[in-house]
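All remarks here apply to the structure that follows.
2 protein chains.
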Amino acid sequence: MLRAKRTITGSAAHDGRATLHDVAHLAGVSPITVSRALRTPELVAAATRARIETAVADTGYVPDLVARSFRSSRSGVIAAVVPSIDTSQYAEMLQGVSDELRRHHLELMVGVNGLSLVQEEKLLRAFIGRRPEGVVLSGTEHTPATRAMLARAGIPVVETGSISGRPLDMKVGYSEEKAVAALVAYLHRCGYRRIGFVCGPLDDNERAKRRRKGYLGAVQRLGLAADRIVTLPAPAGVRSGAEAFAALLERWPDTDCALCSSDIIAVGALFECQRRGWPVPDRIGLAGFLGLDLAAETVPPLTTVKVARYDIGREAAALLLGRLAGAPARRRSVDLGFTILPRQSTRPPRGG
Amino acid sequence: MLRAKRTITGSAAHDGRATLHDVAHLAGVSPITVSRALRTPELVAAATRARIETAVADTGYVPDLVARSFRSSRSGVIAAVVPSIDTSQYAEMLQGVSDELRRHHLELMVGVNGLSLVQEEKLLRAFIGRRPEGVVLSGTEHTPATRAMLARAGIPVVETGSISGRPLDMKVGYSEEKAVAALVAYLHRCGYRRIGFVCGPLDDNERAKRRRKGYLGAVQRLGLAADRIVTLPAPAGVRSGAEAFAALLERWPDTDCALCSSDIIAVGALFECQRRGWPVPDRIGLAGFLGLDLAAETVPPLTTVKVARYDIGREAAALLLGRLAGAPARRRSVDLGFTILPRQSTRPPRGG
DNA sequence: GCCCAAAATGACAACGCTATCATAAGCGTG
DNA sequence: CACGCTTATGATAGCGTTGTCATTTTGGGC
Numbered sequence: 112m113l114r115a116k117r118t119i120t121g122s123a124a125h126d127g128r129a130t131l132h133d134v135a136h137l138a139g140v141s142p143i144t145v146s147r148a149l150r151t152p153e154l155v156a157a158a159t160r161a162r163i164e165t166a167v168a169d170t171g172y173v174p175d176l177v178a179r180s181f182r183s184s185r186s187g188v189i190a191a192v193v194p195s196i197d198t199s200q201y202a203e204m205l206q207g208v209s210d211e212l213r214r215h216h217l218e219l220m221v222g223v224n225g226l227s228l229v230q231e232e233k234l235l236r237a238f239i240g241r242r243p244e245g246v247v248l249s250g251t252e253h254t255p256a257t258r259a260m261l262a263r264a265g266i267p268v269v270e271t272g273s274i275s276g277r278p279l280d281m282k283v284g285y286s287e288e289k290a291v292a293a294l295v296a297y298l299h300r301c302g303y304r305r306i307g308f309v310c311g312p313l314d315d316n317e318r319a320k321r322r323r324k325g326y327l328g329a330v331q332r333l334g335l336a337a338d339r340i341v342t343l344p345a346p347a348g349v350r351s352g353a354e355a356f357a358a359l360l361e362r363w364p365d366t367d368c369a370l371c372s373s374d375i376i377a378v379g380a381l382f383e384c385q386r387r388g389w390p391v392p393d394r395i396g397l398a399g400f401l402g403l404d405l406a407a408e409t410v411p412p413l414t415t416v417k418v419a420r421y422d423i424g425r426e427a428a429a430l431l432l433g434r435l436a437g438a439p440a441r442r443r444s445v446d447l448g449f450t451i452l453p454r455q456s457t458r459p460p461r462g463g
Numbered sequence: 112m113l114r115a116k117r118t119i120t121g122s123a124a125h126d127g128r129a130t131l132h133d134v135a136h137l138a139g140v141s142p143i144t145v146s147r148a149l150r151t152p153e154l155v156a157a158a159t160r161a162r163i164e165t166a167v168a169d170t171g172y173v174p175d176l177v178a179r180s181f182r183s184s185r186s187g188v189i190a191a192v193v194p195s196i197d198t199s200q201y202a203e204m205l206q207g208v209s210d211e212l213r214r215h216h217l218e219l220m221v222g223v224n225g226l227s228l229v230q231e232e233k234l235l236r237a238f239i240g241r242r243p244e245g246v247v248l249s250g251t252e253h254t255p256a257t258r259a260m261l262a263r264a265g266i267p268v269v270e271t272g273s274i275s276g277r278p279l280d281m282k283v284g285y286s287e288e289k290a291v292a293a294l295v296a297y298l299h300r301c302g303y304r305r306i307g308f309v310c311g312p313l314d315d316n317e318r319a320k321r322r323r324k325g326y327l328g329a330v331q332r333l334g335l336a337a338d339r340i341v342t343l344p345a346p347a348g349v350r351s352g353a354e355a356f357a358a359l360l361e362r363w364p365d366t367d368c369a370l371c372s373s374d375i376i377a378v379g380a381l382f383e384c385q386r387r388g389w390p391v392p393d394r395i396g397l398a399g400f401l402g403l404d405l406a407a408e409t410v411p412p413l414t415t416v417k418v419a420r421y422d423i424g425r426e427a428a429a430l431l432l433g434r435l436a437g438a439p440a441r442r443r444s445v446d447l448g449f450t451i452l453p454r455q456s457t458r459p460p461r462g463g
């Protein structure tokens, strides 16, 4: 008698946790019927189902999802690795992933790599063992070992962020280059000709690199000076943004507009202007990137490029769910685009 | 022969995923020895270990943590439910939890309840089935069903946030009441006598309620008017903060200082002052709450109360880890305190 | 009343790993 | 060289669930 102990006690109280067997015993059916009643109730007679439901309530039974995952080899977990969690950039994306997953009863397991590709690899190594059914990554740069691991795992992968380049599997995002270039073009239409670029740190940061590339391409096409670039040594923040902006002005005092690779940096720049008593946009124009809520509220509000962070997360999750539901495994890139948000931190465009 | 199929193929290639058995076969040992080599290498002879390591590398074996969790009934997962993930308030706390857990090879499973206690209950219902080894909650208000579930699960629980009241199990945080009261007292020392309070939304939001309580207690003790309160209808944001601040001024135009229940609200208030051309702190004093980085960078920087969000997360995780390591299960509250950060958005204190 | 399909339920085994206990091998000691 | 003692390895079984297939029951249609 495998279940002697449990059968003898005849109750769920053996260790405080009821099993299928306990519920089945109480309802007078077999464990498999209880399992069915919970997962596919339409296959169980109404009367039986009612008895089972009572028994579940009486025992306080909670299905053991670890056992279920094990047996069915479906963990019901999606793993995500993001550079940081306390930056609204990624937090909003995660929120999108989370919301979409929740609607399909999947859980989200989150890892934070602090923009380090090596750390990303480590996190994935830990995650893969938990047999996630899909993976969401940030960016399209990964170590060879990461790529190998993911290929071997044979699960769908969505990269979020820049849409450029060949996806590992699937990809959702927008073109960083095009977005920055479009913003530069807009600033040019506003009459700015000496546009500086305040760039976030470049190490292991593909996004920053692509934004820089987009800036360079655009100013060159427009025949503007292409060397007005300062790069943040520290992670992008309001303070480091202000400092980098100050450095830009020191180096090129005649700069008429500063394009910042993140709204946070632009906010720092704006505060620096306020400290100096420089009117914006009369003394200098300021533009940000991302379209954070904060950028709409500053005085003056910041011109920026809005990217659909939340939707990127939703779409990433939706792509994974599609695969899990049987969609064919073909490479895909989804471009969610961007929107220029003209505001008062730059002069109005000419002839518009 | 249970393993006939696998033994005959003699390789890991049966479905792309190697098992302990495959590695053992290749290394010429039994599966249990491989298991030991991975978990307690010191119990395996060096030569054997070397062969096993080679076999692991050759097969690309990744331990199945689902199976491990199942068999050992140790999931290696901690569940956390927070009101939101894209508010640095909670994101930083989560980061603290995550960092501490990672050092001990535990994973973090995150749920977002949007300040709804009912949603918290739903999330926990989904989580408990995954047999987390511990739970981190936000706040100390929970539905009866939530309390019952947690009690039944028999796992350690840490509540983060306000330190007041009896913990469900363990608790880490600070006293919202005392922190706000201390800030009011500080503003009083600065000479402010008509201090208004801009309060975040109160629904299901224990923190906001406690901050309000702290404000009320303090102004009453100081003999100040205690009715200058406006409450945000919408979630706390820069815009809603600005609007609520405007409402405060409309209702009580002689207000000489606005205490905001969050730095974000205070930033909104500051921007509103900038729009009106009101000098801060000369026309009106502004104070925030939380001690966000942003508050230090505005012009002028905001007086606020710093609370150790990241450390609260770390400590919460540490408390759980302690329990898992065998610490006695007794109720505990850890008070991490707070720090008043006097800045230029308020007048300097008198006689100091 | 009989037959056959559909509906409802059950028996059995196995997922990959590790807890437990047992066995084998090494090794200094009297 | 038998003894105990440590070190190294293995055999067995089972964690709680569900996939697969088998069996029983139900319910018309003739």
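Here the protein sequences line up with chains A and B, keeping their order.
The opening residue of the first sequence carries number 112 in this note's numbering; numbering runs sequentially from there.
The opening residue of the second sequence carries number 112 in this note's numbering; numbering runs sequentially from there.
From the three backbone atoms N, C-alpha and C, an ideal C-beta is built for every residue, glycine too.
Fair warning: this is a prediction, and the values are worked out from it, not measured in the lab.
Contacts of residue i in chain B (Cβ-Cβ under 9 Å)
{"i": "Glu203(A)", "result": "Ile196, Asp197"}
{"i": "Phe382(A)", "result": "Glu408, Thr409, Val410"}
{"i": "Gln206(A)", "result": "Ser195, Ile196, Asp197, Val223"}
Burial state of residue i (16 or more Cβ within 10 Å)
{"i": "Ser153(A)", "result": "The residue you asked about is not Ser; residue 153(A) is Glu in the sequence shown. The residue in question, Glu153(A), is exposed, as its Cβ has fewer than 16 Cβ neighbours within 10 Å."}
{"i": "Arg114(A)", "result": "At Arg114(A), the pLDDT of 32 sits below 50, so the modelled position is not reliable; the number obtained from the coordinates is stated separately. With fewer than 16 Cβ atoms within 10 Å of its Cβ, Arg114(A) is classed as exposed."}
{"i": "Pro459(A)", "result": "exposed"}
{"i": "Arg420(A)", "result": "buried"}
{"i": "Arg258(B)", "result": "exposed"}
{"i": "His216(B)", "result": "exposed"}
{"i": "Pro439(B)", "result": "exposed"}
{"i": "Pro194(A)", "result": "buried"}
{"i": "Thr450(B)", "result": "exposed"}
{"i": "Val229(A)", "result": "exposed"}
Chain A contact residues for residue i, given Cβ-Cβ distances below 7 Å
{"i": "Arg147(B)", "result": "The contacting residues do not exist; Arg147(B) stays about 17 Å from chain A at best."}
{"i": "Val173(B)", "result": "Ile239, Gly240"}
{"i": "Gln385(B)", "result": "Val410"}
{"i": "Gly462(B)", "result": "Within chain A, no residue comes near Gly462(B); the closest Cβ sits about 29 Å away, beyond 7 Å."}
8 Å Cβ cutoff, residue i in contact with chain B
{"i": "Pro459(A)", "result": "no"}
{"i": "Leu313(A)", "result": "no"}
{"i": "Gly302(A)", "result": "no"}
{"i": "Thr353(A)", "result": "In the sequence on display, residue 353(A) carries Ala and not Thr. Yes, because at least one Cβ of chain B sits closer than 8 Å to the Cβ of Ala353(A)."}
{"i": "Ala428(A)", "result": "no"}
{"i": "Asp374(A)", "result": "no"}
{"i": "Gly379(A)", "result": "yes"}
{"i": "Ser209(A)", "result": "yes"}
Any chain A beta carbon closer than 8 Å to residue i
{"i": "Arg443(B)", "result": "no"}
{"i": "Glu218(B)", "result": "yes"}
{"i": "Pro453(B)", "result": "no"}
{"i": "Phe181(B)", "result": "yes"}
{"i": "Ala115(B)", "result": "For Ala115(B), the pLDDT reaches just 34, beneath the cut-off of 50, and the residue's location in the model is therefore unreliable, although a value from the coordinates is still provided. Answer no: the Cβ-Cβ gap between Ala115(B) and chain A never drops below 8 Å."}
{"i": "Asp404(B)", "result": "yes"}
{"i": "Arg235(B)", "result": "For clarity, residue 235(B) is Leu in the given sequence; the question names Arg instead. It does not: the Cβ of Leu235(B) has no partner Cβ on chain A nearer than 8 Å."}
{"i": "Phe449(B)", "result": "no"}
{"i": "Ser456(B)", "result": "no"}
{"i": "Ser186(B)", "result": "yes"}
Beta-carbon neighbours of residue i, restricted to chain A and to distances below 8 Å
{"i": "Ala178(B)", "result": "Phe181"}
Does the region 230–250 of chain B come within contact of the region 181–191 of chain B, defined as at least 3 CB pairs closer than 8 Å?
Per the Cβ contact rule, the region 230–250 of chain B is in contact with the region 181–191 of chain B (3 or more Cβ pairs under 8 Å).
Does the structure place the region 425–443 of chain A close enough to the region 405–415 of chain A that three or more beta carbon pairs sit under 8 Å?
Note that the region 405–415 of chain A does not touch the region 425–443 of chain A; fewer than 3 beta-carbon pairs, one per stretch, sit closer than 8 Å.
Is it true that the region 132–143 of chain A meets the region 157–164 of chain A, where meeting means three or more beta-carbon pairs spaced less than 8 Å apart?
Between the region 132–143 of chain A and the region 157–164 of chain A, the count of Cβ pairs shorter than 8 Å is three or higher; the stretches touch.
Contact the region 384–402 of chain A vs the region 324–339 of chain B: 3+ CB pairs below 8 Å:
Judged by Cβ distances under 8 Å, the region 384–402 of chain A makes no contact with the region 324–339 of chain B, as fewer than three pairs qualify.
Would you call the region 274–281 of chain B and the region 433–452 of chain B touching, i.e. three or more CB-CB distances under 8 Å?
By the Cβ criterion, the region 274–281 of chain B is in contact with the region 433–452 of chain B, since at least three pairs of Cβ atoms, one from each stretch, lie closer than 8 Å.
Could you name the residues of the region 327–359 of chain B whose beta carbon sits closer than 8 Å to any beta carbon of chain A, in the order they occur along the chain?
Those would be Gly348, Val349, Arg350, Ala353, in chain order.
Which of the residues in the region 243–259 of chain B, read from start to end, lie with their CB under 7 Å from any CB of chain A?
Against chain A - using a Cβ distance shorter than 7 Å - the region 243–259 of chain B contributes no residues.
Which residues, taken in chain order from the region 258–273 of chain A, show a beta carbon closer than 7 Å to some beta carbon of chain B?
Cβ contacts with chain B: Arg263, Gly265.
Determine contact between the region 335–353 of chain A and the region 299–314 of chain A, defined as no fewer than three beta-carbon pairs at a distance below 8 Å.
Because the criterion of three Cβ pairs below 8 Å is met, the region 335–353 of chain A and the region 299–314 of chain A touch.
So if I threshold CB-CB distances at 9 Å, which residues from the region 277–304 of chain B count as touching chain A?
Of all residues in the region 277–304 of chain B, none places a beta-carbon less than 9 Å from a beta-carbon of chain A.
At a cut of 8 Å, does the region 357–369 of chain A reach the region 389–403 of chain B through at least three beta carbon pairs?
Between the region 357–369 of chain A and the region 389–403 of chain B, the count of C-beta pairs closer than 8 Å stays below three; the two stretches do not touch.
Would you call the region 270–279 of chain B and the region 296–303 of chain B in contact, with 3 or more CB pairs under 8 Å?
Here the region 270–279 of chain B does not lie against the region 296–303 of chain B, with fewer than 3 beta-carbon pairs under 8 Å apart.
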